[in-house]
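Inspection log for the structure reproduced underneath, given as structure tokens.
Protein chains: 2
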Amino acid sequence: MKLFFDRVALIGVGLIGGSLARGLKKHGLCNTICGYGRSTQELDKAVELGVIDSYGSSVKETVLGADLIIVAVPMSAFETVFSEISGGVTEQTLITDVGSAKASVIDAAKKAFGHLPEGLVPGHPIAGTEKSGVEASFDSLFDNRRVILTPTENSAESAVDQVKQMWQKVGAEVVLMTPDHHDQVLAATSHLPHVLAFSLVETLGKMHESSEIFRYAAGGFKDFTRIASSDPTMWRDICLNNKTAILSVLKKFERHLKTLELAIEAQDEKAINDIFVRAKMARDENVID
Amino acid sequence: MKLFFDRVALIGVGLIGGSLARGLKKHGLCNTICGYGRSTQELDKAVELGVIDSYGSSVKETVLGADLIIVAVPMSAFETVFSEISGGVTEQTLITDVGSAKASVIDAAKKAFGHLPEGLVPGHPIAGTEKSGVEASFDSLFDNRRVILTPTENSAESAVDQVKQMWQKVGAEVVLMTPDHHDQVLAATSHLPHVLAFSLVETLGKMHESSEIFRYAAGGFKDFTRIASSDPTMWRDICLNNKTAILSVLKKFERHLKTLELAIEAQDEKAINDIFVRAKMARDENVID
Chain A
41 MKLFFDRVAL IGVGLIGGSL ARGLKKHGLC NTICGYGRST QELDKAVELG
91 VIDSYGSSVK ETVLGADLII VAVPMSAFET VFSEISGGVT EQTLITDVGS
141 AKASVIDAAK KAFGHLPEGL VPGHPIAGTE KSGVEASFDS LFDNRRVILT
191 PTENSAESAV DQVKQMWQKV GAEVVLMTPD HHDQVLAATS HLPHVLAFSL
241 VETLGKMHES SEIFRYAAGG FKDFTRIASS DPTMWRDICL NNKTAILSVL
291 KKFERHLKTL ELAIEAQDEK AINDIFVRAK MARDENVID
Chain B
41 MKLFFDRVAL IGVGLIGGSL ARGLKKHGLC NTICGYGRST QELDKAVELG
91 VIDSYGSSVK ETVLGADLII VAVPMSAFET VFSEISGGVT EQTLITDVGS
141 AKASVIDAAK KAFGHLPEGL VPGHPIAGTE KSGVEASFDS LFDNRRVILT
191 PTENSAESAV DQVKQMWQKV GAEVVLMTPD HHDQVLAATS HLPHVLAFSL
241 VETLGKMHES SEIFRYAAGG FKDFTRIASS DPTMWRDICL NNKTAILSVL
291 KKFERHLKTL ELAIEAQDEK AINDIFVRAK MARDENVID
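Written as structure tokens, this is what we have:
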């Protein structure tokens, strides 16, 4: 059976939602895309750019008659959005999302729908840039990127299959995971690095003569802090919505950092060396640039 | 007066030393370059690559008759190298270095020479990659990069001028600073980020199923941890040789991180948001990608 959606409802037309819409169109996966967002100006821009074909005046209106609903809003908006969706869909209507924390998306769905619909397949594309907004969107954002789907206990097999195929068609590699495992992995590999980058820039920004200090920031620092240019609201929401997993890995990090600090304080050459050698090996073995 | 050196002695023929040698040759700033290093194999390679013209069997032999001595060895080797140099030079022989921490280089010079020679002009190019070794060297490494010179109270004005001109000729922008100020600025913008990157990778490497976790590391994480691929020995030496400044900024960082942690724990939206907004503004205003 060919994967094709007659009417896609895109709730949230930013970098991720916009890029997915572009991908769906590019690969001929849908007939029309109707968007919804808080800013009419942004929606007009999205229509102008050809990312969406039209937009609704409410979530409810936007999802009416849709055979695929994509929720790409900030984490804090999920419960409200799901509540508005719940009135206009059937148990089987395909609903997916791109939220960065999955347990809290599933909690929001439970609250809004009263249960977990069979058509709901939560997902998370591991992609993005530090930019945001529909103007930053592009159709190849998901090329060779991983998308993690975290089906609920109620997700229908056919629904999971369709969402999986959709992501594969726009170029992504799809992996299935439990919501909690997703949240732990992302806390370690994405949320913690962002928290550290924000804290590092905050530290430097509060130093005496900070603008002079920033001037001498070289390659490593630039790379390191680029993610601190990400949308503060989005990252605040992620911190609030993946709190437990983030705090757990953050405390682990603080312990390792303290160990290194004490080794530097004690001028313990061997201890410092061991940490650095282990870290270099772990990175070189596991991360492909 | 045209800047030209008849015989350059390069002690330490790695990424930085090799790149400077290539730059000197490319811009016609010297007649011959004689190198010295611990590994004959590396030195043979350096001759083969045309980075140096010959090499000596000791530091003492290598610097004999040199009108410019460049010390580009690991931080831990400075005192030994300076001691060997001290026997074969005059008060005015031009000596510079590329060490990442300046107060400890100056301390090493004091111990080795018994005083600070007029010809000694300590320096530090803010350049490099996570690679090391002469094979990774290239003549444009310093193009548009900043080089910080930290003259001592004894450095002759003409010596400072010559070292400054040398760096400018190979493409760098030269800035003068006191050694202590250099050490504080670099602790914040380079040494601390490296310490954090090593600690982050160490944290993830020690987690259960770490190889799976690394697999989901996306863009930000890759950038963040690239510097953890840097040479462990070099970074161990930097930690030992810029201990005070690194510990000072590391403790500041830990305090800021703890504040953010408590805000996440308390679900304090406003506090988290304020930190992220301030950090994003500080970075966007001060760091040019």
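In the order they appear, the protein sequences are chains A and B. Numbers 41 to 329, taken from our numbering, label the letters of the first sequence in order. Numbers 41 to 329, taken from our numbering, label the letters of the second sequence in order. Glycine included, every Cβ here is placed at the ideal spot set by N, Cα and C.
Original post:
Counting only beta-carbon atoms, is W275(B) nearer than 8 Å to chain A?
Top reply: yes
Original post:
What are the boundary residues of the alpha helix (DSSP H) that includes D271(A)?
Top reply: Neither: D271(A) is in no alpha helix (DSSP H) and is coded neither H nor E.
Original post:
Taking Cβ positions, are G128(A) and L108(A) nearer each other than 8 Å?
Top reply: no
Original post:
For A167(B), which residues from the same chain have a beta carbon less than 6 Å from its beta carbon, with the 5 sequence-adjacent residues on both sides left out?
Top reply: L181, F182, R185
Original post:
Cβ atoms of I146(B) and L156(B): under 8 Å apart, would you say?
Top reply: yes
Original post:
In chain A, which residues lie less than 7 Å from E305(B) when you measure between Cβ atoms?
Top reply: L287
**OP:** Assuming H67(A) contacts K209(A) (C-beta within less than 8 Å), just tell me the rounded distance between them.
**Re:** 5 Å
Original post:
Within the present structure, is the beta-carbon of R62(B) separated from the nearest heavy atom of the ligand PLP by less than 7 Å?
Top reply: Absent from the structure shown: the ligand PLP. Ligands present: none.
Original post:
Is L160(B) closer than 8 Å to T192(B) when the C-beta atoms are compared?
Top reply: yes
Subject >> Closest residue to S230(A) among F264(A), V215(A), A212(A), E242(A) (Cα-Cα distance) >> reply: F264(A)
Original post:
How about the region 309 to 325 of chain B and the region 231 to 251 of chain A: do they share at least three Cβ pairs that are nearer than 8 Å?
Top reply: yes
**OP:** Consult DSSP for D137(A) and reduce its assignment to one of helix, strand or coil.
**Re:** strand
Original post:
On the three-state DSSP scale, how would you describe E213(B)?
Top reply: strand
Original post:
Quick one: is N282(A) buried, meaning 16 or more other Cβ sit within 10 Å of its Cβ, or exposed?
Top reply: buried
Subject >> Limits of the alpha helix (DSSP H) - the one that V129(B) falls within >> reply: Counting along the chain, V129(B) falls outside any alpha helix (DSSP H), and DSSP gives it neither H nor E.
Subject >> Opposing strand residues paired with P233(B) [DSSP bridges] >> reply: Partner(s): none; P233(B) has no beta bridge.
Subject >> Any 3 or more C-beta pairs closer than 8 Å across the region 59 to 76 of chain B and the region 308 to 324 of chain A >> reply: no
Subject >> Where K171(A) falls, given that 16 or more other Cβ within 10 Å makes a residue buried >> reply: exposed
Original post:
Who are H164(A)'s beta bridge partners in DSSP?
Top reply: I188(A)
Original post:
Buried or exposed: where does A306(B) fall if 16 or more other Cβ atoms within 10 Å of its Cβ makes it buried?
Top reply: exposed
Original post:
Hey, is N326(A)'s beta-carbon within less than 8 Å of any beta-carbon in chain B?
Top reply: yes
**OP:** Taking 8 Å as the cut-off, decide whether the C-beta atoms of V317(A) and P114(B) are in contact.
**Re:** no
**OP:** Taking the CB atoms as reference points, tell me whether A268(B) and V241(B) lie closer together than 8 Å.
**Re:** yes
Original post:
In three-state terms, what does DSSP make of A49(A)?
Top reply: strand
**OP:** Kindly list the residues whose CB is nearer than 6 Å to the CB of D46(A), restricted to its own chain and excluding five residues on each side of it in sequence; keep chain order.
**Re:** N71, D107
Original post:
Any idea if Q202(B) is buried or exposed, counting beta-carbon neighbours within 10 angstroms, 16 or more meaning buried?
Top reply: buried
Original post:
Given a threshold of 16 other Cβ atoms within 10 Å of its Cβ, counted over all protein chains shown, does S177(B) qualify as buried or as exposed?
Top reply: buried
Original post:
Residues bridged to Y76(A) by DSSP?
Top reply: I51(A)
Subject >> Where the region 225 to 247 of chain A meets chain B: residues whose CB sits under 8 Å from a CB there >> reply: V225, L226, A228, T229, S230, L232, P233, H234, V235, L236, A237, F238, S239, L240, V241, E242, T243, L244, G245, K246, M247
Original post:
So, is the C-beta of I92(B) closer than 8 Å to a C-beta in chain A?
Top reply: no
**OP:** For T102(B), collect the residues of the same chain with a Cβ closer than 6 Å to its Cβ; drop the 5 residues on either side in sequence, then sort them by chain order.
**Re:** A49, C74, Y76, G96
Original post:
Are the Cβ atoms of V99(A) and E124(A) separated by less than 8 Å?
Top reply: yes
Original post:
Using Cβ-Cβ distances below 9 Å, what residues of the region 137 to 168 of chain B are close to chain A?
Top reply: I166, A167, G168
Subject >> Within chain A, partners of L300(B) - CB distance below 9 Å >> reply: V235, F238, S239, E242, C279, L290
Original post:
Skipping 5 residues on each side, what residues in its chain have a beta carbon closer than 6 Å to that of S270(A)?
Top reply: E170
Original post:
Hey, P219(B) and P165(B) are a contact pair by Cβ (cut 8 Å); roughly how many whole angstroms apart?
Top reply: That belief does not hold up - the Cβ atoms of P219(B) and P165(B) are roughly 16 Å apart, past 8 Å.
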